[in-house]
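Only one structure is covered here, and it is reproduced in the block below.
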Amino acid sequence: MTRREIREHLFKMLFRKEFHDASEVKEQMEFYFESLEEISPRDIAYINERFSKIEDKMGEIDALLAEASSGWKLNRMGKVDLNIMRLATYEIKFDEEVPDKVAINEAIELAKKFGGDSSASFVNGVLAKVI
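Under this note's numbering, the first residue of the sequence shown is numbered 33, with each subsequent residue one higher.
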């Protein structure tokens, strides 16, 4: 599985988390993986590990995004944009394997694919301030 595919799965899992109680997250992740046709146990383990790391840093990530997105409260942002930026902020601040430019470029691609017309430019602008 490519890094881009892994990012997309992580984004979808983060997005899915927005609509369920914390007590249901594990079960929802299992449902998510069951819905995929072909995914190896190794990829599932890797994605789950990354998802857990992002969840562990969510408070710090949200604080960074709140500071960078002056004038925007996180609860007023679109869930797609917010979760794309959460994933990218994790990669920028906590994942030394991913160069900042790559994290931003991948976030922009996710925003183009899943977001609205202005999502890519909004995500780009906020993430530039995060850096």
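By construction, the Cβ of each residue, glycine as well, lies at the ideal position given by its N, Cα and C atoms.
Residue i (DSSP reduced to helix, strand or coil)
i	result
F63	helix
K58	helix
L68	coil
E87	helix
F51	coil
S102	coil
Which listed residue (the options) has its alpha carbon closest to that of residue i
i	options	result
R39	M90, K111, A95 and A143	A143
F43	N115, I140, A95 and E62	N115
A152	E138, E62 and D53	E138
K111	K49, R36 and T34	K49
G165	F146, W104, V130 and K145	Summary: the structure shown does not reach residue 165, with the chain confined to residues 33 through 163, and so no result is reported for it.
Residue i: first and last residue of the uninterrupted alpha helix (DSSP H) it sits in
i	result
P131	Looking at the DSSP string, P131 is not in any alpha helix (DSSP H), and its letter there is neither H nor E.
L106	Unbroken run through L106: none, as it is neither H nor E.
T121	K111 to F126
For the region 79-97 against the region 112-132, are there 3 or more C-beta pairs whose distance is under 8 Å?
Here the region 79-97 lies against the region 112-132, with 3 or more beta-carbon pairs under 8 Å apart.
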